[in-house]
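To convert a position in the sequence shown, counted from 1, into our numbering, add 62.
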Amino acid sequence: MSLLTIDGLRMYYGSEDGYVRAADDVSLELDRGETLGLVGESGSGKTTIARSIIRLLPDNAELVEGSIDLDGTEITELSERELRKQVRWRNVSMIPQNAMNSFDPVYTVGTQIVQAITYHEDGVSKEAAKERARDLFEDLGIDPDRVDDYPHQFSGGMAQRAMIALALCLDPKLILADEPTTALDVVIQDRILETIKEMQAEIDCAMILITHDISVVSETSDRIAVCYGGRIVEQADAATIIDEPRHPYTLGLRNAFPDIADTDEELISIPGTPPELVDPGEGCRFAPRCPFAQEECWEVTPEPEEFEDGHVVRCHRADEADELRELAERKETWEDAHGRVPNPIQGGYD
């Protein structure tokens, strides 16, 4: 049995112009101890998908349809009190993008870890909880005495490790890591990701790693789900996504992934911008930017199609992957696409 099963999730945000379809018919599974990378541009829906698991969303968010099963518990049916006591931090913790802004500045870091432990575990004294916080700090390479420091006394990298300590203090079943290294330099990024993976293995928990950087998930994830326009357009094991992608958007992301073995390689960007998710219409949402879009792509929404070994793709031309991969490696393929593809949804050309 999978640890997490999301089936047909539609999580929309209300706005003056209508519903923003931030997560639209999303389905995925996560096994115990597994790491899933959610990758895509800003606005692709990856953070909404992850935060839906703990229902930590803005007030204008609305669950339109779908289910989220966490180890046999249907998350969508829990009350706010049940979520706080049974799910958040106890079974699912989060490592946010900016730890410095996530800690409460008026309490010491140790106090905040102690509060999380004593709230969720009955009978644990503050002294025992603080000792656990000190042990976590030591495991993460932080002087245990720093538990008595305030967040502003920590460097960016140290604050991020302290946030990892908070996320791990209750041995959760699942960690949601939302761009956990974005604000850090590349050397610290690598250390933080290595630390997360080591601690994850130590407590045998699963992780969803959210990022825009496909190179990060290629190194750290067992499987990768590629998000675009509120949908998961492709998911498979990490090696398949990197070496044998089938969706044109994934091909475009792969072009922006530098190869250290080929220093003369020219990176190719995807022209255009992500779609507007208020009433996006039928068809593939990547069609306005896709060099391989055909009439069907504009008019018919592609359904998920499974290929070998759980490789699931939303694309009308996924079975032509070998040909598309070869064409996608050429810069002119993407340059020619922008400005010539008819867009019947919005009118005119993109």
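Note that the Cβ used here is the ideal one computed from N, Cα and C, for glycine as well.
Here Leu92 really is in contact with Ser64; their C-beta atoms are around 6 Å apart, less than 8 Å.
The shortest C-alpha to C-alpha distance from Leu246 to any of Leu238, Thr302, Gly219 is the one to Gly219. The Cβ neighbour count for Ser141, taken over all protein chains shown within 10 Å, is under 16; the residue is labelled exposed.
In this structure, Ile254 is the residue among Ile254, Ala268, Thr109 with its C-alpha nearest to the C-alpha of Asp201.
Assignment of Ser331 by DSSP, reduced to helix, strand and coil, places it in the coil class. Just so you know, the alpha carbons of Lys147 and Thr395 end up roughly 52 Å apart. DSSP, reduced to helix, strand and coil, places Ile175 within a helical segment of the structure shown. Burial is judged here by how many other beta carbons sit within 10 angstroms of a residue's own beta carbon; Lys188 has fewer than 16 and is exposed. Contact between Pro234 and Ser155 is confirmed by a C-beta separation of about 4 Å, below the 8 Å threshold. In this structure, the CA atom of Gly76 is about 26 Å from the CA atom of Asn163. DSSP lists Ile237 as the bridge partner or partners of Ser155. Contact between Val88 and Ile294 holds: their C-beta atoms lie close to 6 Å from each other, under 8 Å.
By the C-beta density criterion, Arg316 is buried, having at least 16 other C-beta atoms within 10 angstroms. Straight through space, the alpha carbons of Thr173 and Ser280 are spaced by roughly 36 Å. The region 222–236 makes no contact with the region 287–302; the number of CB pairs closer than 8 Å stays below 3. With fewer than 16 other beta carbons inside 10 angstroms of its own, Asn122 counts as exposed. In this structure, DSSP gives Tyr169 a state outside helix and strand, which the three-state scheme calls coil. In the DSSP assignment, the residues bridged to Ile286 are Gly99, Ala298. Taking the C-beta atoms as reference points, Asn153 is found no nearer than 8 Å to Leu125. Phe319 counts as exposed, since fewer than 16 other C-beta atoms from the protein chains shown sit within 10 angstroms of its C-beta.
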